[in-house]
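Have a look at the structure below before the remarks.
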Amino acid sequence: MASTWFSAPAPVAQRVRAYFAPVNRVSQTPVLFDPSQQGQFNLDAPPSPWISLGWIQDFVRKPASKSSVLLAGIPASPLEQVRETLQAQVSFQFLSWTKLTMALATGSQHMNVLAAASGATLSADGAQAVPAVIPLSGSTGTSILLASSDAAKFSPGSIVAVDADYTGQTGFVGNPVGGAYVRQALTDVDYIRRVTFNVVLVAQVAPTGLTLAAPLPGGSPATGAKVQAVTGFVDREGGSFYQEWSALFAMQGSQGERIFFHYPRLQTMSGAEEAVNPLNAKNNNSQSRVLLKGQFLALPVSDSLDGERVVCYRSFLPAPNALV
Amino acid sequence: MQNAKDSFYMALRTRLTAINPDRTILLRGAVRPGILVEEAEAPFSQTPNDVFVLRWLGLARDMNLATTMAAETCEVIYQTCGTQSFGGLDRGRALSEMDEELSAMLQLTYTAKMNYAATPPAAMLTQVFWDEPVFGPVVINRDRLSRSVSVMVYSYQEQGE
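Residue numbers (the numbering used here), protein chains in the order written: chain C, 1 to 324; chain V, 1 to 161.
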């Protein structure tokens with residue numbers, strides 16, 4: 001007869017799943033993951049504001065903290081240890097190319113290529129854009145109401161960016177996520193829509209407006225927001241901006257146990273880099289998959305429990321009926 | 001290990017019923033989902049068409065763990081001649097349909113381990129889990145297309161098993 005417990009061997013897991021949430025750059029507030037309340041969340045539907053980025057591969061955690069030994073006595077022998085530096089790194093490969101995975105895998109700001117105005121001068125970031133249009137009141141996170149003449153400028157399957165005009169401000173810009181840091185006033189009125197994360201695919205176009213394929217990350221368009229067509233994305237090697245996000249990595253064990261690695265603050269630490277994997281390992285000339293490589297530096301937070309500075313939390317939720 | 005084999009079969013059978021309820025077989029006078037365990041049926045001279053046949057093969061055990069783990073190789077065999085209404089010209093499509101059904105059945109790579117020798121079946125403490133399937137090449141025998149798929153199924157041996 002079966003007993004009511006078993007000795008669980010080391011977890012067996014197939015893959016790692018990644019979730020990211022925006023750090024409030026202005027207030028430097030990360031998003032925290034609470035294993036006591038959120039540990040059993042549906043891996044396909046993470047709690048807000050976590051965004052699932054799907055499976056990742058080649059996930060490597062590298063603790064880089066250094067300790068040194070205080071010696072005392074003759075002959076000298078270890079008296080105690082002290083932590084000299086606190087640091088950790090994480091690296092992995094994304095299995096998809098999206099606005100967010102591209103942004104996370106680049107060392108600098110990530111920009112939307114806005115649809116170019118007719119006859120505009122060539123520019124590496126995308127030329128002067130077709131003017132943005134104003135959403136009407138009543139717009140929601142999944143439906144943008146427009147004047148019929150404005151709606152006619154968009155087509156199903158296109159991408160739109162929804163954010164405010166740039167009006168000369170400095171500091172972090174972009175809603176709901178700071179997409180860039182402006183150090184000195186710029187002249188491009190579309191700059192915020194170039195860097196915003198509030199982008200989405202258009203599913204349907206009607207004379208009354210746009211139906212979106214997914215909810216806008218920022219929810220209903222904010223007051224003053226405008227809509228502009230996006231044709232792609234561009235990022236640069238160089239610049240001074242660092243992406244910073246809260247990250248959560250989850251491994252589901254074969255017996256229902258879960259391992260979480262929670263990094264409240266992760267900053268991208270390397271430039272854009274890709275890994276090219278042949279689909280057929282036996283044929284080097286076969287089609288290859290191009291994967292985004294991400295390498296991150298973990299920054300510390302003060303744990304409100306005891307004031308200790310930490311860079312990562314590892315949580316383990318044991319399998320049901322497993323001895324601990 | 002028998003509990004793990006039974007649980008794996010029952011999980012696939014339940015999933016097949018949801019994926020394609022029309023895939024059935026008349027066996028021993030009863031209409032059942034179109035999946036069976038070869039070693040639990042009377043020997044047949046020829047594998048039946050349009051059903052999934054599970055054949056248990058290799059076995060390995062890791063006894064260095066806190067709880068012994070067993071790894072068993074399950075070969076899933078299926079074949080088709082297509083349908084009579086299309087004169088068998090749809091046999092390629094029929095095989096693709098079975099490929100997709102098997103992939104869907106195996107997509108969730110674990111199931112609860114049950115003791116089906118008990119009445120009613122009793123839930124055990126651990127879960128049975130498996131690797132992604134390895135699809136073999138299509139074998140063509142006149143108008144019959146067949147395929148063999150290999151799945152490694154793992155389970156922990158609980159006390160009393």
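Where a beta carbon is used, it is the ideal one built from N, C-alpha and C, also for glycine.
Chain-ordered neighbours of residue i on chain V, where CB pairs are closer than 8 Å
{"i": "Asn148/C", "result": "Inspection of the sequence shows that residue 148/C is occupied by Ser rather than by Asn. None at all; the shortest Cβ gap to chain V is about 44 Å."}
{"i": "Trp55/C", "result": "The premise fails here: Trp55/C is roughly 13 Å from chain V at the closest Cβ pair, so nothing lies under 8 Å."}
Status (buried if at least 16 other CB within 10 Å, exposed otherwise) for residue i
{"i": "Asp34/C", "result": "exposed"}
{"i": "Val202/C", "result": "buried"}
{"i": "Glu101/V", "result": "buried"}
{"i": "Pro21/V", "result": "exposed"}
{"i": "Pro133/V", "result": "buried"}
{"i": "Asp303/C", "result": "exposed"}
{"i": "Lys282/C", "result": "exposed"}
{"i": "Ala2/C", "result": "Any reading at Ala2/C is ruled out, since the residue's pLDDT is 47, under 50, leaving its predicted position unreliable."}
{"i": "Pro63/C", "result": "exposed"}
{"i": "Ile140/V", "result": "exposed"}
{"i": "Val151/V", "result": "buried"}
{"i": "Pro43/V", "result": "exposed"}
{"i": "Val290/C", "result": "exposed"}
{"i": "Asp190/C", "result": "buried"}
{"i": "Ala60/V", "result": "exposed"}
{"i": "Glu158/V", "result": "buried"}
{"i": "Asn3/V", "result": "buried"}
{"i": "Ala322/C", "result": "buried"}
{"i": "Glu72/V", "result": "buried"}
{"i": "Gly174/C", "result": "buried"}
{"i": "Asp163/C", "result": "buried"}
{"i": "Val31/V", "result": "exposed"}
{"i": "Glu244/C", "result": "buried"}
{"i": "Ser108/C", "result": "buried"}
{"i": "Gly209/C", "result": "buried"}
{"i": "Phe86/V", "result": "exposed"}
{"i": "Ala351/C", "result": "Within the shown structure, residues of chain C are numbered from 1 to 324, placing residue 351/C beyond reach of any answer."}
{"i": "Ser7/C", "result": "exposed"}
{"i": "Lys66/C", "result": "exposed"}
{"i": "Leu146/C", "result": "buried"}
Partner residues on chain V for residue i, Cβ-Cβ distance less than 7 Å
{"i": "Asn321/C", "result": "Leu125"}
{"i": "Ser52/C", "result": "Chain V residues near Ser52/C: none, gap ~17 Å exceeds 7 Å."}
{"i": "Arg7/C", "result": "It is Ser, not Arg, that sits at residue 7/C in the sequence shown. In chain order: Ala66 and Thr67."}
Residue i: contacting residues in chain C (beta-carbon distance under 7 Å)
{"i": "Tyr78/V", "result": "Per Cβ cutoff of 7 Å: no residues; Tyr78/V is ~25 Å from chain C at best."}
{"i": "Tyr110/V", "result": "Ser254"}
Amino acids of chain V, ordered along the chain, whose beta-carbon sits closer than 9 Å to that of residue i
{"i": "Val12/C", "result": "Met69, Phe129 and Tyr154"}
Beta carbon proximity, residue i to chain B, threshold 8 Å
{"i": "Leu95/V", "result": "No chain B appears in this structure, whose protein chains are C and V."}
For the structure I just gave you, are there three or more beta carbon pairs, one from the stretch 258 to 265 of chain C and one from the stretch 92 to 100 of chain C, closer than 8 Å? Per the Cβ contact rule, the stretch 258 to 265 of chain C is not in contact with the stretch 92 to 100 of chain C (fewer than 3 Cβ pairs under 8 Å).
Members of the stretch 21 to 46 of chain C that neighbour chain V once the beta carbon cut-off is set at 9 Å: Answer in chain order: no residues at all.
contact_flag[the stretch 131 to 145 of chain V, the stretch 70 to 86 of chain V] where n(CB pairs < 8 Å) is 3 or more: They touch, by the three-pair rule.
Taking only beta carbons into account, state which residues of the stretch 136 to 157 of chain V come closer than 8 Å to chain C, listed in chain order. So the close ones are Tyr154 and Tyr156.
Ranges of the beta strand (DSSP E) found wholly within the stretch 116 to 158 of chain C, counting only runs of at least 3: Entirely contained in the stretch 116 to 158 of chain C, the beta strand (DSSP E) runs reaching 3 residues are, in chain order, 143 to 145.
Closer than 7 Å between beta carbons: that is the criterion. Which residues of the stretch 108 to 140 of chain C meet it against chain V? So nothing in the stretch comes that close.
Which runs of the beta strand (DSSP E), 3 residues or longer, sit entirely within the stretch 231 to 266 of chain C? Complete beta strand (DSSP E) runs here, min 3: 244 to 252.
Alpha helix (DSSP H) runs contained entirely in the stretch 188 to 227 of chain C, provided each spans 4 or more residues: Every alpha helix (DSSP H) stretch that sits fully inside the stretch 188 to 227 of chain C and reaches 4 residues is listed by chain position as 191 to 195.
Along the stretch 57 to 81 of chain V, where does the CB come closer than 8 Å to a CB of chain C? Name the residues. Within the stretch 57 to 81 of chain V, the residues whose Cβ lies closer than 8 Å to some Cβ of chain C are Leu65, Ala66, Thr67 and Met69, listed in chain order.
When you compare the stretch 228 to 248 of chain C with the stretch 105 to 117 of chain C, are there three or more beta-carbon pairs, one atom per stretch, that lie closer than 8 Å? Yes, the stretch 228 to 248 of chain C is in contact with the stretch 105 to 117 of chain C.
Runs of alpha helix (DSSP H) wholly within the stretch 271 to 324 of chain C (minimum 4 residues, chain order): At a cut-off of 4 residues, not a single continuous stretch assigned as alpha helix (DSSP H) sits fully inside the stretch 271 to 324 of chain C.
Members of the stretch 36 to 55 of chain V that neighbour chain C once the beta carbon cut-off is set at 8 Å: Hits within the stretch: zero.
Please list the segments of the alpha helix (DSSP H) lying wholly inside the stretch 75 to 150 of chain V, counting only runs of 4 or more residues, in order along the chain. Inside the stretch 75 to 150 of chain V, DSSP marks whole alpha helix (DSSP H) runs of 4 or more residues at positions 91 to 107, from first to last along the chain.
Touching by the beta-carbon criterion (3+ pairs, under 8 Å), the stretch 139 to 155 of chain C and the stretch 74 to 82 of chain C: No contact exists between the stretch 139 to 155 of chain C and the stretch 74 to 82 of chain C.
Decide yes or no for the touch test of the stretch 170 to 179 of chain C against the stretch 196 to 215 of chain C: beta carbon pairs closer than 8 Å, at least 3 of them. With a cut-off of 8 Å, the stretch 196 to 215 of chain C and the stretch 170 to 179 of chain C count as touching, because enough Cβ pairs lie within range.
For the stretch 37 to 53 of chain V against the stretch 297 to 313 of chain C, are there 3 or more C-beta pairs whose distance is under 8 Å? Too few Cβ pairs lie closer than 8 Å, so no.
Do three or more CB pairs link the stretch 12 to 29 of chain C to the stretch 243 to 257 of chain C at distances below 8 Å? As far as the Cβ criterion goes, the stretch 12 to 29 of chain C touches the stretch 243 to 257 of chain C, which means the pair count is three or higher.
Give a yes or no on contact between the stretch 110 to 124 of chain V and the stretch 2 to 11 of chain V, applying the rule of three or more CB pairs nearer than 8 Å. Contact between the stretch 110 to 124 of chain V and the stretch 2 to 11 of chain V is present, because at least three Cβ pairs lie under 8 Å.
Would you list, in sequence order, the uninterrupted beta strand (DSSP E) runs of no fewer than 3 residues that lie entirely inside the stretch 6 to 68 of chain V? Look at the stretch 6 to 68 of chain V and you find these whole runs of beta strand (DSSP E), each 3 residues long or longer: 24 to 27, 30 to 33, 35 to 37 and 52 to 62.
At 3 residues or longer, and completely inside the stretch 16 to 100 of chain C: list those beta strand (DSSP E) runs for me, N to C. The stretch 16 to 100 of chain C contains these whole beta strand (DSSP E) runs: 16 to 22, 51 to 63, 66 to 72, 77 to 85 and 88 to 94.
Does the pairing of the stretch 26 to 42 of chain V with the stretch 120 to 132 of chain V give three or more beta-carbon distances under 8 Å? Output reads no: the stretch 120 to 132 of chain V does not touch the stretch 26 to 42 of chain V.
Taking 8 Å as the threshold, find out whether the stretch 80 to 88 of chain C comes into contact with the stretch 37 to 55 of chain C through three or more Cβ pairs. No, the stretch 80 to 88 of chain C is not in contact with the stretch 37 to 55 of chain C.
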